[in-house]
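Numbering (numbering that gives the first Met the number 0) for the sequence shown: 0 to 584. Glycine included, every Cβ here is placed at the ideal spot set by N, Cα and C. Quick caveat: nothing in here was measured; it's all calculated off a predicted structure.
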Amino acid sequence: MCGIIGYCGNSAAFKFLYEGLKRLEYRGYDSVGICIDGKVVKMKGHVDQLNKCDSKIKNSGNFGIGHTRWATHGAPSYINAHPHTSGYINIVHNGIIENYKEIKEVLTKKGYSFISQTDTEAAAHLINYYYKDDLKEAVLKACKELKGSYAIVAMCEKKNQLVAVRNESPLIVGRGKEGVHLASDISAIADKCDELFVLDNGEFALINGAEISFFDIFDKPIIKQAETVDKDYESVSKEGYDTFMEKEINEGAKSVKNTLEGYRDKYLPPKFLEGIKSIYFCACGTAYHACCYGKKLIERYVKIPCFSLIASEFKEPYTTDYSQSLFVFISQSGETADTLAAHTLAKKYGAKTLAVTNVSKSSLEDVADIVIKTRAGREYAVASTKAYLAQLGFCLYFTQVLCGLNNIPCDLTAEENLNKLYKAIDAAGKMSQTQSLAQIMLNNEHAYFLGRGMDFITASEASLKLKEITYIHSEAYPAGELKHGTLALIEKDTKVIAFLTQSELKEKMIGNISEVKARGAFVTLFTQFDNVDCGCDKILLPDLPDVYMPLIAIVPCQQLAFLVSVAKGLDCDKPRNLAKSVTVQ
Ligand code: M6R
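Put into structure tokens, the structure is as follows:
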């Protein structure tokens, strides 16, 4: 987590640091800081806070570092914000220094005082401890002692130099007309650079004025090839909307359409899928819910063993021989640490791997056997909406491909069906009843989302959206499972949102709704069946075959979470405690 930026060139550094940090806010935004020519400014809060800097900082100094934080060690605060300072040394860090307590103990005995609760401060003092007028040497020596994951950029007030190092956390160095840029992510600096160098684990970069040189951990110079720069990155614009989230919800249909239209015939090479006996979908959060949809589709159509795994739960010793299995990793960012770790494990046990990512040149893309893109366009709001729809779109395509290979009739991606689907997704985002439901939801501290089969996936995703950006406690439950315990929590006026979109589960779901109503629950039902009457509020969804309903029913629920968040005066784009990209396990 956390975003790092650096600049060394012939212009005022502030502008580059600020712009870069704005683009890196998806990695965390609980505190922010910069150091320009040895002067540190840091504060709790979002990157915008930096606008409070006085004009001396904004206009002077042409080399500096910056950081936007997602707290792992120590609360979000001024003291814990980066850069961390030790003598003339300032550093910004992304990752986790696992042995920081040991380093702290040793350095405390040597007279260093620690003022923050962070792991980073240990690295700053360690670099200072080794600093004898050579910044690179000091960073090299310190890194030999650091354990864990880190990307660090260090600067020394006395020198016009930056030293960068990477171990398990991404770090990019780029050269452009106005100087040298560093960042945790290409998109933060791509438009400013003509050449980009992606540091590998254990590699160092020394930026000395306009010169960049690379070294390994033994201080041996290395030659790195520049990557091509795709300047066509998307601008950070809300295009007239007040929030990214609202814009992105409204782009749901486009996101599925662009994704599916991008998949040409044989886009997924048939040879790659030969000999696969089982499929494991694996991801985190919202992307995990997309995995559950993929599993249901494949079970329904292709009928081969298929599983969906939460990446953070897929750990040794719960592994087996996967040499005849395909692992499908779904990740909007392609940077989620748990998903990457699960990928490493799947490979270790012989699986073929397919990554489904939305952001280009991600870490997951680097390691997977094959990559398939979702084309949702850049998603900025922390709560995933249009990317989720694109991931469900991928699942439709993937099922269709597998059916084709196994000679199973399937029209999931038939043009006629998809055109109806795009229209239905658009219509689902414009339903006025969502407004009234948002008003009701505002007065609730708890909510329960119920569904069966594919509707349980929608319930889970709807519940995640609501809690993520409104802070209302909510739970998703398979409707049939409720009476095995959770029903005890249902009492008069408990808010229940039920989904009924799967024909074969109609009767059972109606029964489950009766059960909660009998305990006094206030139920709102999402369904496309106008003949279903459960004696509760009903929101009628556009009517499409059951199998498409997860792509439709989720849209008003995304709207619901958004409307409640705005009505509560919350920042729906940047909910508390979260980050768009979760790069620590
Ligand atoms: O980038 P990824 O798709 O791998 O991210 C996975 C989750 O962190 C993400 O979906 C998260 O659950 C969203 N904030 C939910 O809206």
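- Can you give me the start and stop residues for the beta strand (DSSP E) that Ala497 sits inside? Ala497 -> beta strand (DSSP E) spans 494–499.
- For Glu238, the three-state DSSP class (helix, strand or coil): In this structure, Glu238 counts as coil in the three-state DSSP scheme.
- Which first and last residues belong to the beta strand (DSSP E) in which Met42 is found? 38–43
- From Asn61 to Thr352, what does the alpha carbon distance come to, in whole angstroms? Rounded to the nearest whole angstrom, the CA to CA distance from Asn61 to Thr352 is 44 Å.
- Does the Cβ of Ser236 have 16 or more other Cβ atoms within 10 Å, making it buried, or fewer, making it exposed? exposed
- Item | Distance, Gln438 Cα to Ser76 Cα | 35 Å
- Task: Run the CB neighbour count on Glu415, radius 10 Å, all protein chains shown included, and call it buried at 16 or more, exposed below.
- Result: exposed
- Task: Quick one: using the 10 Å Cβ neighbour count with 16 as the cut-off for buried, is Gly5 buried or exposed?
- Result: buried
- Query: Exposed or buried, Ser590, counting other C-beta atoms within 10 Å across all chains shown (16 or more means buried)?
  - Reply: Only positions 0 to 584 of the chain appear in this structure, which leaves residue 590 out of reach.
- Task: Would you mind working out which of Gln399, Val583, His342, Ser564 sits nearest Lys265, comparing C-alpha positions?
- Result: Gln399
- Message: Just to confirm before moving on: does the CB-CB distance between Met508 and Ala478 stay below 9 Å?
- Response: yes
- Query: Quick one: does Pro555 have its CB under 9 Å from some CB of chain B?
  - Reply: Structure shown: chain B not included; a single protein chain is present.
- Task: Drop a sphere of 10 angstroms on the beta-carbon of His483, count the other beta-carbons inside from all chains shown, and report buried for 16 or more, exposed for fewer.
- Result: exposed
- Alpha carbon to alpha carbon, how far is Lys157 from Ser112? Give it in angstroms, no decimals. 22 Å
- Task: Return yes when the C-beta of Ile424 is under 8 Å from any heavy atom of the ligand M6R, and no when it is not.
- Result: no
- Query: With a CB to CB cut of under 6 Å and the five nearest residues on each side skipped, what residues in its chain are close to Lys140?
  - Reply: Tyr129
- Message: By alpha-carbon positions, which one of Leu562, Val172, Tyr287 ends up nearest to Tyr161?
- Response: A small correction: the amino acid at residue 161 is Leu; Tyr does not occupy that position in the sequence shown. Checking every option, the nearest Cα to that of Leu161 belongs to Val172.
- Following the continuous alpha helix (DSSP H) through Arg374, name the residue where it begins and the one where it ends. Under the DSSP assignment, Arg374 falls outside any alpha helix (DSSP H); it carries neither an H nor an E label.
- Task: Give a single yes or no on whether Thr285 has its beta carbon closer than 8 Å to a heavy atom of the ligand M6R.
- Result: yes
- Item | Which of helix, strand or coil DSSP assigns to Gly519 | coil
- Whole-Å CB distance - Tyr447 paired with Tyr476, under 8 Å assumed: About 6 Å separates the CB atoms of Tyr447 and Tyr476; that is less than 8 Å, so the two are in contact.
- Length of the line joining the Cα atoms of Ile33 and Lys302: 55 Å
- Item | Limits of the unbroken alpha helix (DSSP H) element including Ala225 | Ala225 -> no alpha helix (DSSP H), and no H or E assigned at all.
- Item | Reference Lys146; option with closest CA among Gly94, Thr433, Ala137, Asp365 | Gly94
- Message: Taking DSSP's pairing of strands, which residues face Ala354 in a bridge?
- Response: Phe328, Val370
- Item | Straight-line gap, Gln557 to Gln116 (C-alpha atoms, nearest Å) | 37 Å
- According to DSSP, residues forming a beta bridge with His180: Tyr6, Gly173
- Task: Could you pull out every residue in the same chain whose Cβ sits closer than 8 Å to the Cβ of Ile35, ignoring the five residues on either side in sequence?
- Result: Ala12, Phe13, Leu16, Ile56, Ser59, Gly60, Phe62, Gly63
- Task: Measure the C-alpha to C-alpha separation of Glu238 and Asp218 and round it to an integer number of angstroms.
- Result: 48 Å
- Query: Closer than 8 Å: is that where the CB of Gly2 sits relative to any heavy atom of the ligand COA?
  - Reply: Ligands present in the displayed structure are limited to the ligand M6R, and the ligand COA is not among them.
- In angstroms with no decimal places, state the Cα-to-Cα distance between Ala426 and Thr412. 20 Å
- Message: Which same chain residues end up closer than 7 Å to Asn9 when comparing Cβ atoms and leaving out the 5 residues on each side of it in sequence?
- Response: Asn61, Glu177, Gly178
- Query: What number of angstroms, rounded off, separates the C-alpha of Val39 from the C-alpha of Gly19?
  - Reply: 17 Å
- At 4 residues or longer, and completely inside the region 433–501: list those alpha helix (DSSP H) runs for me, N to C. 453–469
- Item | Secondary structure of Asp47, DSSP reduced to three states | The answer is helix: DSSP assigns Asp47 an H, G or I state.
- Item | Residue closest to Ala122, alpha-carbon to alpha-carbon, out of Val138, Leu577, Gly208, Gln390 | Closest option to Ala122, Cα to Cα, is Val138.
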